[in-house]
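Heads up, the numbering used here is the position in the sequence shown plus 20, with the first residue counted as 1.
Heads up, the thing below is written out as structure tokens.
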Amino acid sequence: AGEGVDARARERGSSGRGVVVDVGYGTPASSLLQMAQLRPNLRFVGIEVHRPHVASCAVLLERYRRLRNVRLYHGDLFVALNEMFPDQSISE
Numbered sequence: 021a022g023e024g025v026d027a028r029a030r031e032r033g034s035s036g037r038g039v040v041v042d043v044g045y046g047t048p049a050s051s052l053l054q055m056a057q058l059r060p061n062l063r064f065v066g067i068e069v070h071r072p073h074v075a076s077c078a079v080l081l082e083r084y085r086r087l088r089n090v091r092l093y094h095g096d097l098f099v100a101l102n103e104m105f106p107d108q109s110i111s112e
């Protein structure tokens, strides 16, 4: 199983907001955070396998506390997809 800043959260799509998944956002995770800033009506999930990249992004998220539409997941992409997303819940 993967782990992350919000590892137990499951993206259900029930809020009516689309879900955008950024796979391998790297460091700095500026593109993920910029997309989240520009599109506050969507939920963003960053999936990253490298722990230092997750930690770096978590530090940036702490600085920009107003970004409430970003979740991070540390682990394998396929595990994340199976654990977090029901069928057809990802919009981009």
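Heads up, the beta-carbon is just placed ideally off N, CA and C, and yes, glycines get one too.
* **7 Å CB neighbourhood of LEU80 in its chain, flanking five on each side removed** => Taking the sequence shown and counting its residues from 1, one reaches residue 80 at position 60. Only PRO48, ALA49, LEU53 meet the Cβ criterion.
* Would you report the Cα separation of ALA56 and LEU87, rounded to the nearest angstrom? -> In the sequence shown, residue 56 corresponds to position 36, counting from 1. In the sequence shown, residue 87 corresponds to position 67, counting from 1. C-alpha separation (whole angstroms): 7 Å.
* Asked: Got a sec? Which residues, its chain only, sit under 7 Å from GLY46 by beta carbon, not counting five neighbours each side?
  -> The residue given as residue 46 occupies position 26 in the sequence shown. Excluding residues within five positions, the ones whose Cβ falls inside 7 Å are HIS73.
* To do: Please name the residue or residues paired with PHE64 in a DSSP beta bridge.
  => The residue labelled residue 64 in the question sits at position 44 within the sequence shown. Answer by DSSP bridge pairing, in chain order: VAL40, VAL90.
* Quick one: grab the DSSP three-state call for ALA78. => Numbered from its first residue, the sequence shown carries residue 78 at position 58. In the structure shown, ALA78 sits in a helix (DSSP, three-state: H, G or I).
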